């Protein structure tokens, strides 16, 4: 991977045409979101951050939820979007931007299908084990709705996406080794259904369970 700049490019409401085209020509796009809280319908989407395989990082502050270029990139079938806990981010992007993200890869799901020797599947644990890097998660709970994001917040947003492509590559190797590639593909293909259930009110219920 190319070296990553210390600070991402910040956009208000939407990507510009140049960044849009750059991402549409990418193979992978790591994506994360920042919201005011964890309740999708209550806590608004504030930030969408992205990083392609070349290390080009963007932060979009979503203020009026009119982002056609961002939406085009996220819905492009030619670019695989990589999330960590895609279920949450996909729900936020659909509820606030009307964006049906596809195709999707979730590093948390891949971790659970490969790293069965541990219950630690957070991004910080993945980055430490697979890449030997310590992540700073201090800004995880902060005011993402601020008009101007601090340097610390911007550094945090960059950290949450800059490692996902490399993490995917390492998890894919383990999925292949353990003959679980097809299983992972099927589970991730079902993510839109899981998101629909969450937004329809079944986020805390396993409808496949007997009880």
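In our numbering, the protein residues as written are -11 to 199.
Note that CB positions come from ideal geometry on N, CA and C, so glycine has one too.
These figures come from a predicted structure and were not determined experimentally.
Whole-number beta carbon distance between residue 79 and residue 159, since they are thought to touch under 8 angstroms:
Within the chain shown, residue 159 is the residue found at index 171, counting from 1. Within the chain shown, residue 79 is the residue found at index 91, counting from 1. That belief does not hold up - the Cβ atoms of residue 159 and residue 79 are roughly 22 angstroms apart, past 8 angstroms.
Residue 150 beta carbon less than 8 angstroms from that of residue 43
Walking along the chain shown from the start, residue 43 turns up at place 55. Walking along the chain shown from the start, residue 150 turns up at place 162. The answer is yes: Cβ separation under 8 angstroms.
For residue 69, which residues does DSSP report across the bridge?
Reading the chain shown from its first residue, position 81 is the one you call residue 69. According to DSSP, which records beta bridges pairwise, residue 69 is partnered with 17, 92.
Select from 14, -4, 22 the residue whose C-alpha is nearest the C-alpha of residue 76.
Taking the first residue of the chain shown as 1, we reach residue 76 at position 88. Looking at the Cα atoms, 22 is the closest of the given residues.
Top-ranked residue by Cα proximity to residue 183, from 28, 105, 40:
Locating residue 183 in the chain shown gives position 195, counting from the first residue. If we check each option's Cα against that of residue 183, 28 comes out closest.
For residue 57, is the classification buried or exposed, using 16 other Cβ atoms within 10 angstroms of its Cβ as the cut-off for buried?
Here the question's residue 57 lines up with position 69 in the chain shown. Flag for residue 57 reads buried.
Who are the Cβ neighbours of residue 187 in its own chain at under 8 angstroms, not counting the five residues just before and after it?
In the chain shown, residue 187 corresponds to position 199, counting from 1. Closer than 8 angstroms at Cβ, skipping near neighbours: 28, 29, 79, 82, 83.
Go ahead and label residue 52 buried or exposed: buried means 16 or more other beta carbons lie within 10 angstroms of its beta carbon, across all protein chains shown.
Walking along the chain shown from the start, residue 52 turns up at place 64. With fewer than 16 Cβ atoms within 10 Å of its Cβ, residue 52 is classed as exposed.
Would you call the segment 5 to 21 in contact with the segment 35 to 49, where contact means no fewer than 3 C-beta pairs closer than 8 angstroms?
Because the criterion of three Cβ pairs below 8 angstroms is met, the segment 5 to 21 and the segment 35 to 49 touch.
For residue 113, which residues of its own chain have a beta-carbon under 8 angstroms away from its beta-carbon, when the five flanking residues on both sides are left out?
For the purposes of this step, residue 113 is taken as the residue at position 125 of the chain shown. Closer than 8 angstroms at Cβ, skipping near neighbours: 106.
Mark residue 197 as exposed unless 16 or more other C-beta atoms lie within 10 angstroms of its C-beta, in which case mark it buried.
As a working mapping, residue 197 is identified with position 209 in the chain shown. The residue is exposed, with fewer than 16 neighbouring Cβ atoms inside 10 Å.
Below 6 angstroms CB to CB, which residues in the same chain sit around residue 91 once its five sequence neighbours on both sides are set aside?
Position 103 of the chain shown, counted from the first residue, corresponds to residue 91. Cβ within range, chain order: 68.
What are the partner residues of residue 45, as DSSP defines its beta bridges?
Position 57 of the chain shown, counted from the first residue, corresponds to residue 45. Residue 45 pairs with 39.
Beta carbon of residue 11, beta carbon of residue 61: below 8 angstroms?
Here residue 11 is taken as the residue at index 23 of the chain shown, counted from 1. Here residue 61 is taken as the residue at index 73 of the chain shown, counted from 1. Yes, they are a contact pair.
Which whole runs of the alpha helix (DSSP H) in the segment 121 to 180 are 4 residues long or more, in chain order?
139 to 150, 152 to 165, 169 to 177
Taking only three categories from DSSP, how would you classify residue 196?
What you label residue 196 is simply residue 208 of the chain shown in a count that begins at 1. In the structure shown, residue 196 sits in coil (DSSP, three-state: anything other than H, G, I, E or B).
What are the residues that DSSP puts in a beta bridge with residue 191?
Residue numbering aside, residue 191 sits at position 203 when the chain shown is read from its first letter. Beta-bridge pairing links residue 191 to no other residue.
Apply the 10 Å Cβ neighbour rule to residue -10 and answer buried if 16 or more other Cβ atoms are within range, or exposed otherwise.
Indexing the chain shown from 1 puts residue -10 at position 2. Confidence at residue -10 is low in this model, with a pLDDT of 41, below 50, so its placement is unreliable and no value can be given for it.
Classify residue 147: buried if its beta carbon has 16 or more other beta carbons within 10 angstroms, exposed otherwise.
For the purposes of this step, residue 147 is identified with residue 159 of the chain shown, where counting begins at 1. Classification of residue 147: buried, given that the 10 Å Cβ count is 16 or more.
Flag this pair as yes or no: are the beta carbons of residue 96 and residue 72 separated by less than 8 angstroms?
Locating residue 96 in the chain shown gives position 108, where the first residue counts as 1. Locating residue 72 in the chain shown gives position 84, where the first residue counts as 1. In this structure, the beta-carbon distance from residue 96 to residue 72 falls below 8 angstroms.
Thinking C-beta only, is residue 8 closer than 8 angstroms to residue 102?
Taking the chain shown and counting its residues from 1, one reaches residue 102 at position 114. Taking the chain shown and counting its residues from 1, one reaches residue 8 at position 20. Going by C-beta atoms, residue 102 is not nearer than 8 angstroms to residue 8.
Measuring straight from C-alpha to C-alpha, what distance separates residue 137 and residue 50?
Here residue 137 corresponds to residue number 149 of the chain shown, with the count starting at 1. Here residue 50 corresponds to residue number 62 of the chain shown, with the count starting at 1. Spanning the two alpha carbons is a distance of roughly 12 angstroms.
If we call anything under 8 angstroms between Cβ atoms a contact, is residue 55 one with residue 1?
Taking the chain shown and counting its residues from 1, the one referred to as residue 55 is at position 67. Taking the chain shown and counting its residues from 1, the one referred to as residue 1 is at position 13. Yes. Within cutoff.
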